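**Q** Provided herewith is a single structure, encoded as structure tokens, for subsequent inquiry.
Chains as they are written, first to last, in the working numbering: chain A, 1 to 230; chain B, 1 to 230.
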């Protein structure tokens with residue numbers, strides 16, 4: 001049927017955000033509040049981590065994601081008016097970032113997408129070394145043809161350069177790539193850079209109401225995968 | 001004494017951040033948690049407001065601070081898994097941003113600095129119209145020779161361009177200006193852009209541990225003013 005050439009082709013490459021999207025952060029959601037004795041501490045800490053990664057980006061400076069994570073623990077203490085944690089406690093908490101399991105739905109979703117012929121690439125704000133350790137620990141590294149870190153451009157997602165560098169690294173046009181994330185800011189960034197996007201609407205996550213909506217939305221990765229495969 | 005020419009001269013212009021630095025946000029700290037019936041709601045909301053202003057900046061888009069504030073109320077609802085607020089409640093909460101009193105220490109601090117011969121300029125992420133309304137409501141507008149909004153460059157603080165545009169607008173070199181803020185990210189941005197900086201260490205505020213420290217720190221504006229005047 002020649003008319004099929006008129007329809008928008010499927011993306012060739014799927015880029016996957018890692019933290020919260022593929023990996024379950026429950027360990028940190030328990031450990032950070034426990035360390036401070038304050039149940040608001042995880043959300044405060046992770047919010048500061050994301051905010052200050054962008055502070056670095058817009059002020060023309062760069063520190064690694066684990067270094068900002070450690071600094072954000074001190075800022076969390078100050079903002080919640082709690083005692084700062086010891087250096088060893090901070091290091092132990094930050095090291096949990098590389099000891100997170102995959103969400104239970106993730107292997108099945110990745111299998112569906114791999115079987116459907118998509119190229120799968122991990123793409124994260126974590127440094128390259130952490131990314132490799134994360135995917136190995138979660139036992140999902142074999143699904144991906146490669147892992148990309150924003151370390152290469154020293155700008156954090158959702159800066160538009162990070163997505164442009166990622167699609168260049170995998171050798172496709174922005175319109176041939178689709179970013180999958182559980183974060184509204186990541187989806188907004190990918191869309192602004194000309195990629196398609198898919199939101200995994202995990203509990204407690206949200207879209208940015210002022211950005212254009214994602215191409216696909218699903219409650220977990222298999223649900224999203226079935227939409228993308230079509 | 002000719003040797004005095006060797007010492008670093010005082011700044012000529014003092015740029016003041018507005019929200020939380022000059023203005024007391026207690027009204028919003030009460031009203032936002034009350035509207036959601038969730039005591040975490042203010043910190044979640046204000047953190048999202050700051051984070052998404054930077055999401056706009058790094059994705060090459062721009063929405064006004066009040067528009068992001070309103071969107072952040074919906075994101076707060078989703079992230080706390082509470083019900084979204086009605087449009088009228090959201091508008092009412094956001095309108096409180098232009099109905100905030102000055103912190104009690106602020107008029108005295110501004111007087112000290114004005115008497116010492118400094119040029120005082122307000123410099124904020126709020127739009128120009130909101131800024132004018134804020135300073136009028138707080139009865140401190142007469143201390144300032146002008147008010148500057150990042151609306152002119154459509155990039156949010158702490159993007160380095162915002163400070164460069166501000167010092168250009170007041171006709172001085174970056175090294176002749178000093179930014180005063182209660183926020184670690186604002187101090188970090190000013191320092192990165194070559195300005196000097198002063199932190200008002202209000203309760204629940206914090207420096208960014210990975211940035212260079214501010215030139216001055218004080219618990220309130222008069223304490224900071226006395227250091228700057230020297």
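Don't be surprised by glycine CBs; every beta carbon is placed ideally from N, CA and C.
Treat the numbers as computed from the prediction; the structure is a model and nothing was measured.
Considering only residues of the same chain and omitting the five flanking positions on each side of residue 223 of chain B, which have a CB-CB separation below 7 angstroms?
**A** Along the second chain, one-based indexing puts residue 223 of chain B at 223. No residues qualify anywhere along the chain.
**Q** What are the boundary residues of the alpha helix (DSSP H) that residue 26 of chain B is part of?
**A** What you label residue 26 of chain B is simply residue 26 of the second chain in a count that begins at 1. That run of the alpha helix (DSSP H) goes 26-36.
**Q** Out of A/29, A/12, A/169, which one is the CA nearest neighbour of residue 19 of chain A?
**A** By 1-based counting over the first chain, the position of residue 19 of chain A is 19. Residue 19 of chain A has its Cα closest to that of A/29, out of A/29, A/12, A/169.
**Q** Buried or exposed: which applies to residue 88 of chain A, given that a residue is buried once 16 or more other Cβ atoms fall within 10 Å of its Cβ?
**A** As a first step, residue 88 of chain A must be located in the first chain, where it is residue number 88. Exposed.
**Q** Can you tell me whether residue 175 of chain A is helix, strand or coil according to DSSP?
**A** Numbered from 1 along the first chain, position 175 holds the residue referred to as residue 175 of chain A. Helix, per DSSP.
**Q** With distances taken Cα to Cα, identify the nearest neighbour of residue 70 of chain B among A/227, A/209, A/79.
**A** Reading the second chain from its first residue, position 70 is the one you call residue 70 of chain B. The option with the nearest alpha carbon to residue 70 of chain B is A/209.
**Q** Which two residues bound the contiguous alpha helix (DSSP H) that contains residue 114 of chain B?
**A** Here residue 114 of chain B is taken as the residue at index 114 of the second chain, counted from 1. Per DSSP, residue 114 of chain B belongs to the alpha helix (DSSP H) from 106-115.
**Q** Could you work out which residue in A/50, A/98, A/212, A/230 is closest to residue 61 of chain B when comparing CA atoms only?
**A** Here the question's residue 61 of chain B lines up with position 61 in the second chain. For the residues A/50, A/98, A/212, A/230, the minimum Cα distance to residue 61 of chain B belongs to A/212.
**Q** So, does the CB of residue 29 of chain A fall closer than 8 angstroms to a CB anywhere in chain B?
**A** The residue given as residue 29 of chain A occupies position 29 in the first chain. Chain B, which has no Cβ nearer than 8 angstroms to the Cβ of residue 29 of chain A, makes this no.
**Q** On the premise that residue 44 of chain B lies in contact with residue 76 of chain B, defined as a C-beta separation below 8 angstroms, what is that separation, rounded to the nearest angstrom?
**A** Taking the first residue of the second chain as position 1, residue 76 of chain B is located at position 76. Taking the first residue of the second chain as position 1, residue 44 of chain B is located at position 44. Between residue 44 of chain B and residue 76 of chain B the Cβ distance is about 5 angstroms, and since that is below 8 angstroms, they are a contact.
**Q** In the DSSP assignment, find the unbroken beta strand (DSSP E) run with residue 16 of chain B in it and report its ends.
**A** Position 16 of the second chain, counted from the start, is the residue given in the question as residue 16 of chain B. 13-16 is the extent of the beta strand (DSSP E) around residue 16 of chain B.
**Q** Can you tell me which of A/230, A/169, A/139 puts its alpha carbon nearest to the alpha carbon of residue 121 of chain A?
**A** As a first step, residue 121 of chain A is located in the first chain; it is residue number 121 there, counting from the start. Ranking the options by Cα distance to residue 121 of chain A, first place goes to A/169.
**Q** Determine which residues share a DSSP beta bridge with residue 76 of chain B and list them.
**A** Counting from 1 along the second chain, the entry for residue 76 of chain B is found at position 76. None, per the DSSP bridge assignment.
**Q** Could you give the C-beta distance for residue 189 of chain A and residue 214 of chain A, rounded to a whole number, given that I count them as a contact under 8 angstroms?
**A** As a working mapping, residue 189 of chain A is identified with position 189 in the first chain. As a working mapping, residue 214 of chain A is identified with position 214 in the first chain. With a Cβ gap of about 11 angstroms, residue 189 of chain A and residue 214 of chain A do not count as contacting.
**Q** Is the segment 96-115 of chain A touching the segment 145-159 of chain A in the sense that three or more CB pairs, one from each, lie closer than 8 angstroms?
**A** Contact fails: fewer than three Cβ-Cβ distances are below 8 angstroms.
**Q** Tell me whether the beta-carbon of residue 186 of chain B lies closer than 8 angstroms to the beta-carbon of residue 17 of chain B.
**A** For the purposes of this step, residue 186 of chain B is identified with residue 186 of the second chain, where counting begins at 1. For the purposes of this step, residue 17 of chain B is identified with residue 17 of the second chain, where counting begins at 1. Closer than 8 angstroms, so yes.
**Q** Is there a Cβ from chain A that is less than 8 angstroms from the Cβ of residue 209 of chain B?
**A** As a working note, residue 209 of chain B is residue 209 in the second chain. So yes, residue 209 of chain B belongs to the interface.
**Q** Return the residue from the list A/143, A/177, A/31, A/181 that minimises the CA-CA distance to residue 10 of chain A.
**A** The residue labelled residue 10 of chain A in the question sits at position 10 within the first chain. Comparing Cα positions, the closest option is A/177.
**Q** For residue 121 of chain B, which three-state DSSP category applies?
**A** In the second chain, the residue the question calls residue 121 of chain B occupies position 121. It is a strand residue.
**Q** Give a yes or no on whether the C-beta atoms belonging to residue 193 of chain A and residue 174 of chain A are separated by under 8 angstroms.
**A** Taking the first chain and counting its residues from 1, one reaches residue 193 of chain A at position 193. Taking the first chain and counting its residues from 1, one reaches residue 174 of chain A at position 174. Yes, these two residues count as a Cβ contact at 8 angstroms.
**Q** Rounded to a whole number of angstroms, what is the C-alpha to C-alpha distance between residue 56 of chain A and residue 205 of chain B?
**A** Residue 56 of chain A sits at position 56 when you count from the first residue of the first chain. Residue 205 of chain B sits at position 205 when you count from the first residue of the second chain. Those two C-alpha atoms are separated by around 18 angstroms.
**Q** Quick one, which of B/156, B/86, B/39 has its alpha-carbon nearest residue 127 of chain B's?
**A** The residue labelled residue 127 of chain B in the question sits at position 127 within the second chain. If we check each option's Cα against that of residue 127 of chain B, B/156 comes out closest.
**Q** In angstroms with no decimal places, state the Cα-to-Cα distance between residue 48 of chain A and residue 180 of chain A.
**A** For the purposes of this step, residue 48 of chain A is taken as the residue at position 48 of the first chain. For the purposes of this step, residue 180 of chain A is taken as the residue at position 180 of the first chain. Straight-line Cα distance between these residues: approximately 23 angstroms.
**Q** Is the beta carbon of residue 35 of chain A less than 8 angstroms from the beta carbon of residue 85 of chain A?
**A** Taking the first residue of the first chain as position 1, residue 35 of chain A is located at position 35. Taking the first residue of the first chain as position 1, residue 85 of chain A is located at position 85. Yes. Within cutoff.
**Q** CB residue 130 of chain B to CB residue 98 of chain B, shorter than 8 angstroms?
**A** Against the second chain, residue 130 of chain B aligns to sequence position 130. Against the second chain, residue 98 of chain B aligns to sequence position 98. A contact, by the Cβ cut-off of 8 angstroms.
**Q** State buried or exposed for residue 142 of chain B, treating a residue as buried only when at least 16 other CB atoms are found within 10 Å of its CB.
**A** On the second chain, position 142 is the one that residue 142 of chain B refers to. That one is exposed.
**Q** What residue from A/145, A/183, A/230 has the CA that sits closest to residue 171 of chain A's CA?
**A** The residue given as residue 171 of chain A occupies position 171 in the first chain. Answer by Cα proximity: A/145.
**Q** How would you label residue 108 of chain B, buried or exposed, when you count the other beta carbons within 10 angstroms and need 16 or more for buried?
**A** Here residue 108 of chain B corresponds to residue number 108 of the second chain, with the count starting at 1. Result: exposed.
**Q** Looking only at its own chain, which residues have a Cβ that is under 6 angstroms from the Cβ of residue 106 of chain A, when we skip the five neighbours before and after it?
**A** Within the first chain, the letter at position 106 stands for residue 106 of chain A. 22, 221, listed in sequence order.
**Q** By a C-beta neighbour count over all protein chains shown, 10 Å radius and 16 as the cutoff for buried, is residue 136 of chain A buried or exposed?
**A** Along the first chain, one-based indexing puts residue 136 of chain A at 136. Label assigned to residue 136 of chain A: exposed.
**Q** Helix, strand or coil: how does DSSP classify residue 230 of chain B here?
**A** As a working note, residue 230 of chain B is residue 230 in the second chain. In this structure, residue 230 of chain B counts as coil in the three-state DSSP scheme.
**Q** Can you pull the chain B residues whose beta carbon is under 7 angstroms from the beta carbon of residue 150 of chain A, in chain order?
**A** Sequence index remark: in the first chain, residue 150 of chain A carries index 150 (1-based). Under the 7 angstroms cutoff, chain B gives no residues; its nearest Cβ is about 11 angstroms from residue 150 of chain A.
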